[in-house]
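S.K.:
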Amino acid sequence: MMKRKIHKGDTVKVITGSDKGIIGEVLEVFPAEGKIRVEGVRSQKRHLKPGRSMLHQDGGIVEKLGKIDISNVIFYTEELGGVRVGRSLSGEGRRQREARGKRHSGTVID
Numbered sequence: 092m093m094k095r096k097i098h099k100g101d102t103v104k105v106i107t108g109s110d111k112g113i114i115g116e117v118l119e120v121f122p123a124e125g126k127i128r129v130e131g132v133r134s135q136k137r138h139l140k141p142g143r144s145m146l147h148q149d150g151g152i153v154e155k156l157g158k159i160d161i162s163n164v165i166f167y168t169e170e171l172g173g174v175r176v177g178r179s180l181s182g183e184g185r186r187q188r189e190a191r192g193k194r195h196s197g198t199v200i201d
């Protein structure tokens with residue numbers, strides 16, 4: 092199990108895979124699996140026969156979002172772009188997230 096550096100509600104950018112470059116909001120986080128569900132990424136269609144499912148009695152095509160690995164996304168902000176996330180202690184002793192790297196080192200995110 093990894094430390095969670097990306098939380099529900101964060102904006103992320105997909106950096107690998109068929110959905111590379113898509114920016115979306117994190118809808119769910121699955122820390123035990125190391126996966127997340129991102130808005131507009133990896134949509135899957137399932138064709139259901141009528142009467143086979145209690146939720147979808149009429150059948151038809153049901154679309155849902157799939158999970159992607161947390162390592163395939165990077166935290167994204169409008170002003171900084173895609174940045175890696177680290178943790179530090181504030182003056183009051185609270186943990187806060189900050190941007191890592193040459194250009195944005197020390198910029199507080201939360």
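All residue numbers for the sequence shown refer to our numbering, where the first residue is 92 and numbers rise by one.
Beta carbons: idealized from backbone N, C-alpha and C, even for Gly.
Computed from a predicted structure; not experimentally measured.
I'd like the span of the beta strand (DSSP E) that includes Leu118, first residue to last.
M.R.: 114–121
S.K.: Which residue wins for smallest C-alpha separation from Asp149, given the options Lys155, Gly157, Lys140?
M.R.: Lys140
S.K.: Straight-line CA distance for Asp101 to Tyr167?
M.R.: 8 Å
S.K.: Residue range of the beta strand (DSSP E) that Arg137 falls in?
M.R.: Unbroken beta strand (DSSP E) run through Arg137: 134–139.
S.K.: Specify the secondary structure class of Ile161 as computed by DSSP and reduced to three states.
M.R.: In the structure shown, Ile161 sits in a helix (DSSP, three-state: H, G or I).
S.K.: If you reduce the DSSP assignment to three classes, tell me which class Ser181 lands in.
M.R.: Of the three classes helix, strand and coil, the one that applies to Ser181 here is coil, per DSSP.
S.K.: Quick check: what's the CA-CA separation for Ile114 versus Gly172?
M.R.: 10 Å
S.K.: Give the DSSP bridge partners of Gly172, in chain order.
M.R.: Thr168
S.K.: Distance, Cα to Cα, Thr107 vs Pro122?
M.R.: 20 Å
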